[in-house]
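Reviewing the structure listed below.
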Amino acid sequence: MKILSLLVLLCAFLVLTQTAELGKAEAGPGEEQAEAEAIEESHVAKRAVYCPSGWAKYGSRCYYYVSASYTWAQAENYCVSQGGNLASVHSAGEYSWLQSYILSRTRGYPMTWIGGSDSEQEQYWFWSDGSRLSYRNFCAGMPRSNTGLNCIVMNASGCRCWFDYPCSYRYPFVCVRK
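Position 107 of the sequence shown, counting from 1, maps to 106 under numbering that gives the first Met the number 0, and the rest follow consecutively.
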């Protein structure tokens, strides 16, 4: 009796397997592609931008303001430890949002480190995240060609523009991550 039950179960399994394979063959390539696209879409949804607690989202990136005063290198190191870099700014809109974000966190416009530097070669500015420094918001007369002024601080002067300052100065900072 046990052998007979085992054979019945085996036959049922084979019939179900063949039926499933036949159904796939009859479905045609269009339905298989639709199924593959549905699977791919579910993976895309998982890649949507999610900002960790305490971080703020703007566009496709997340920002985090740190009120503690660090040197530029210490601030960059901290941001890297959080999975990002000091903030890079790529448009006037993004800069305006960043200023508003800092205002919401501090109720003011404190001078704040961002990721710009020309420490590798004077007057060749770059962002610490490796992106191109194409948007600039330096104050009048900035950047200066003094070799000791290699890091960008934002919200400088009444214009709240950028100064190049010694990287050893201590300021709060903003991290960014994708």
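No residue lacks a Cβ here, since even glycine has one placed at the ideal position from N, Cα and C.
It should be emphasised that the depicted structure is a prediction, and the values quoted were computed from it without experimental measurement.
The residue among 173, 172, 140 with its C-alpha nearest the C-alpha of residue 163 is 140.
Leaving aside the five residues that flank residue 56 on each side, the residues in its chain whose CB is nearer than 7 Å to its CB run, in chain order, 48, 50. Excluding sequence positions up to five before and after residue 153, its CB lies within less than 6 Å of the CB of 111, 113, 161, all in the same chain and listed in chain order.
Cβ atoms of residue 137 and residue 74 stay farther apart than 8 Å, at about 19 Å. Scanning the stretch 90-167 for uninterrupted beta strand (DSSP E) segments of 3 residues or longer gives 111-116, 150-155, 160-164, listed from N- to C-terminal end. Bridge partners of residue 55 according to DSSP: 62. Taking all protein chains in view, the Cβ of residue 166 is crowded by 16 or more other Cβ atoms within 10 Å, so the residue is classified as buried. With respect to the 8 Å criterion, residue 99 and residue 134 are not classified as neighbours on the basis of their beta carbons. If you draw a straight line from the Cα of residue 61 to the Cα of residue 176, it is about 5 Å long.
Nearest in C-alpha terms to residue 66, of all of 86, 101, 125, 97, is 101.
Each residue's CA atom was taken as its position, placing residue 70 and residue 131 some 22 Å apart.
The C-alpha of residue 81 lies about 27 Å from the C-alpha of residue 123. In the DSSP assignment, residue 77 falls within the alpha helix (DSSP H) that extends over 71-80. Comparing C-alpha distances from residue 92 to each of 83, 58, 118 shows the shortest one belongs to 58.
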